[in-house]
Amino acid sequence: MSARGKARRRALDILFEAELRGEDPLKILAERVERQEPPVNEYTSAIVEGVTRHLPRIDELITTYSEGWTLERMPAVDRNLLRGGTYELLWMPDVPEGVVISEWVHLAGELSTDESPQFVNGLLARFKQLKPSLTL
Numbered sequence: 001m002s003a004r005g006k007a008r009r010r011a012l013d014i015l016f017e018a019e020l021r022g023e024d025p026l027k028i029l030a031e032r033v034e035r036q037e038p039p040v041n042e043y044t045s046a047i048v049e050g051v052t053r054h055l056p057r058i059d060e061l062i063t064t065y066s067e068g069w070t071l072e073r074m075p076a077v078d079r080n081l082l083r084g085g086t087y088e089l090l091w092m093p094d095v096p097e098g099v100v101i102s103e104w105v106h107l108a109g110e111l112s113t114d115e116s117p118q119f120v121n122g123l124l125a126r127f128k129q130l131k132p133s134l135t136l
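In UniProt numbering, the protein residues as written are 1 to 136.
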């Protein structure tokens, strides 16, 4: 797994843990940075901070474009995969869109249900297609 791939996975872990504990992801991130076991990559911090900053808009987009699924009904891991992928796809223009989608779909395949990779791929691909027209 690439350094950015590991950073994405670590960001997902932090976002998921924060949701399960009902805590601010930035608090969990700060704990991990302080503990440094394992060290937190800058890219992990950028994703967690970005998702936190843009969460209302990210959740609005996921809710609007996910067909047949409410945000609350999605598995928690899928919700957070989509949050991380959406942030990276829409607000981090230095990363190739295809790489972003591929990496988050790969994480879905490793960590979620059998249907999750297709679901994550479909929604992130839709955001890629709509990106020029989305108001961020």
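The C-beta atom is built at its ideal place from N, Cα and C for all residues, glycine as well. As the structure is a computational prediction, the values presented were derived from the model and not from experiment.
Reduced DSSP secondary structure (H/G/I, E/B, other) of residue i
| i | result |
| --- | --- |
| proline 38 | coil |
| serine 112 | coil |
| threonine 70 | coil |
| glutamate 95 | Correcting the residue type first, residue 95 is valine in the shown sequence and not glutamate. In the structure shown, valine 95 sits in coil (DSSP, three-state: anything other than H, G, I, E or B). |
| aspartate 24 | coil |
| threonine 52 | helix |
| leucine 29 | helix |
| threonine 44 | helix |
| threonine 135 | coil |
Residue i, enclosing alpha helix (DSSP H) - first and last residue
| i | result |
| --- | --- |
| arginine 8 | 3 to 21 |
| valine 77 | 76 to 91 |
8 Å contact criterion, which residue i and residue j should meet: CB distance rounded
| i | j | result |
| --- | --- | --- |
| threonine 86 | leucine 61 | 6 Å |
| glutamate 88 | glycine 5 | At roughly 12 Å, the Cβ-Cβ gap does not stay under 8 Å, so glutamate 88 and glycine 5 are not in contact. |
| leucine 136 | arginine 57 | 7 Å |
Within 8 Å, do at least three Cβ pairs link the region 46 to 54 to the region 85 to 93? yes
Are three or more beta carbon pairs between the region 9 to 21 and the region 73 to 81 nearer than 8 Å? Segments in contact, yes.
Three Cβ pairs or more, each shorter than 8 Å: is that satisfied between the region 49 to 56 and the region 21 to 30? Judged by Cβ distances under 8 Å, the region 49 to 56 makes contact with the region 21 to 30, as three or more pairs qualify.
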